[in-house]
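Asker: Heads up: the protein sequence lines correspond to chains A and V, in order. Position 83 (the first sequence) corresponds to 951 in my numbering; numbering is contiguous. Position 15 (the second sequence) corresponds to 883 in my numbering; numbering is contiguous. Structure provided below as structure tokens; questions to follow.
Number of protein chains: 2
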Amino acid sequence: MAADVLDATFAALADPTRRAILARLMEGEATVTELAAPFAMSQPGISKHLRVLERAGLISRGRDAQRRPRRLEAGPLKDAMDWLANYRSYWEESYQRLDDLLGELESGGPNAVERESP
Amino acid sequence: MAADVLDATFAALADPTRRAILARLMEGEATVTELAAPFAMSQPGISKHLRVLERAGLISRGRDAQRRPRRLEAGPLKDAMDWLANYRSYWEESYQRLDDLLGELESGGPNAVERESP
């Protein structure tokens, strides 16, 4: 996958309003007016966020030329998740090491600590 | 999870050099000099990227005070992946619809197209 596609996806996701717009669109298509409603933001402000999402390929425009509803395009989200999934083994190992250490502490192993008596 | 934590994580990931640094650190701790080696970039340039990663909690400094090796911290990557996983059902449905349509075209269903004869 081209680096600049991932750049655009992650940059687009680095904003709470844009993430909220994507969450709304997961429920179905919505017009700009509908998307702007939950936010204390001008329509031009929302339109600017929509342009960022559109350039990143995260949303597209529906067929209705008058309403121009926006639709979620999940492909770039899947690509971003595939990139992050490379790190899964790393964090699973980290949690496993923590689990092992905690187990050792509880079973009185070499790293065990004295429990305080009541 | 606080929105600004996700903001910082996604913003930090929106750069190919920073993603390459994280990929290198998955193999183990590395000093700034070691991290700078593969890039045609000054050490101050790399240090700037490392500060962004450190502020986002994606890297930390190892115990050796002289070498100050950097270490990958995978927690924020897991949180980002958890956020993206919310959209998994959406893209799986999209692929399923595409699969169904392709199956229909091949089996000569209502949306079937004539295959061109050789």
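Positions of the beta carbon are idealized from the N, C-alpha and C atoms, including for glycine. Owing to the predicted nature of the structure, the values given are computational and were not obtained by experimental measurement.
Consider the Cβ of Asp872/A: report whether some Cβ of chain V lies at a distance smaller than 9 Å.
Answerer: Mapped onto the first sequence, residue 872/A falls at position 4. Yes, Asp872/A lies at the interface with chain V (some Cβ there is under 9 Å from its Cβ).
Asker: CA-CA distance, Thr885/V and Phe878/V?
Answerer: In the second sequence, residue 885/V corresponds to position 17, counting from 1. In the second sequence, residue 878/V corresponds to position 10, counting from 1. Taking the straight line joining both Cα atoms gives about 14 Å.
Asker: Strictly under 9 Å for the Cβ-Cβ distance: is Ser962/V near chain A by that measure?
Answerer: As a first step, residue 962/V must be located in the second sequence, where it is residue number 94. Output row for Ser962/V: interface = yes.
Asker: Going by beta carbon distance, what residues of the same chain come within less than 8 Å of Arg887/A, once the five residues before and after it are set aside?
Answerer: Position 19 of the first sequence holds residue 887/A. If we look at Arg887/A and ignore the five residues flanking it on each side, its Cβ neighbours are Leu881.
Asker: At 7 Å on the CB atoms, spell out the chain A contacts of Pro906/V, in chain order.
Answerer: In the second sequence, residue 906/V corresponds to position 38, counting from 1. In chain order: nothing, as chain A lies at least about 14 Å away.
Asker: The alpha helix (DSSP H) with Ser957/V in it runs from where to where?
Answerer: Along the second sequence, one-based indexing puts residue 957/V at 89. Segment Arg956 to Ser975, the alpha helix (DSSP H) holding Ser957/V.
Asker: Does any CB atom of chain V fall closer than 9 Å to the CB of Leu970/A?
Answerer: In the first sequence, counting from the first residue as 1, residue 970/A sits at position 102. No, no contact with chain V.
Asker: Using only the alpha-carbon positions, how far apart do Glu961/V and Pro944/A sit?
Answerer: Start at 1 with the first residue of the second sequence, and residue 961/V comes out as number 93. Start at 1 with the first residue of the first sequence, and residue 944/A comes out as number 76. Answer to the nearest angstrom: the Cα atoms are 15 Å apart.
Asker: Can you tell me whether Ser910/V is helix, strand or coil according to DSSP?
Answerer: Counting from one through the second sequence, the residue named residue 910/V turns up at place 42. Coil, per DSSP.
Asker: Sorted by chain position, which residues of the same chain lie with C-beta nearer than 6 Å to Ala904/V's C-beta, five sequence neighbours on each side aside?
Answerer: As a position in the second sequence, residue 904/V is number 36, starting the count at 1. Hits under 6 Å: Gln911 and Ile914.
Asker: May I ask which residues mark the beginning and end of the beta strand (DSSP E) holding Leu940/V?
Answerer: The residue given as residue 940/V occupies position 72 in the second sequence. Per DSSP, Leu940/V belongs to the beta strand (DSSP E) from Arg938 to Leu940.
Asker: When DSSP labels each residue in this structure, what does Arg931/V get in the three-state scheme?
Answerer: Numbered from 1 along the second sequence, position 63 holds the residue referred to as residue 931/V. It is coil, neither helix nor strand.
Asker: Please determine if the stretch 947-964 of chain A and the stretch 952-959 of chain V are in contact, where contact requires at least 3 C-beta pairs separated by less than 8 Å.
Answerer: Contact holds: three or more Cβ-Cβ distances are below 8 Å.
Asker: Compare the C-alpha of Gly930/A against each of Pro906/A, Val920/A, Thr899/A and Val873/A and name the closest.
Answerer: One-based indexing of the first sequence puts residue 930/A at position 62. That would be Thr899/A, whose Cα lies nearest to the Cα of Gly930/A.
Asker: Under 9 Å, Cβ to Cβ, is there at least one residue of chain V near Pro884/A?
Answerer: Position 16 of the first sequence, counting from 1, holds the residue named residue 884/A. Taking Cβ atoms only, chain V reaches closer than 9 Å to Pro884/A, which makes this a yes.
Asker: When the cut-off is 9 Å and only beta carbons count, does Met909/V lie next to chain A?
Answerer: Translated into positions along the second sequence, residue 909/V becomes position 41. No, because no Cβ of chain A sits closer than 9 Å to the Cβ of Met909/V.
Asker: Hey, out of Glu972/A, Ala876/A, Gly976/A and Leu940/A, whose CA is closest to Val920/A's CA?
Answerer: On the first sequence, residue 920/A is found 52 positions in, with the first residue counted as 1. Answer by Cα proximity: Ala876/A.
Asker: DSSP state of Ala879/A, grouped into three classes?
Answerer: As a position in the first sequence, residue 879/A is number 11, starting the count at 1. Reduced to three states, the DSSP call for Ala879/A is helix.
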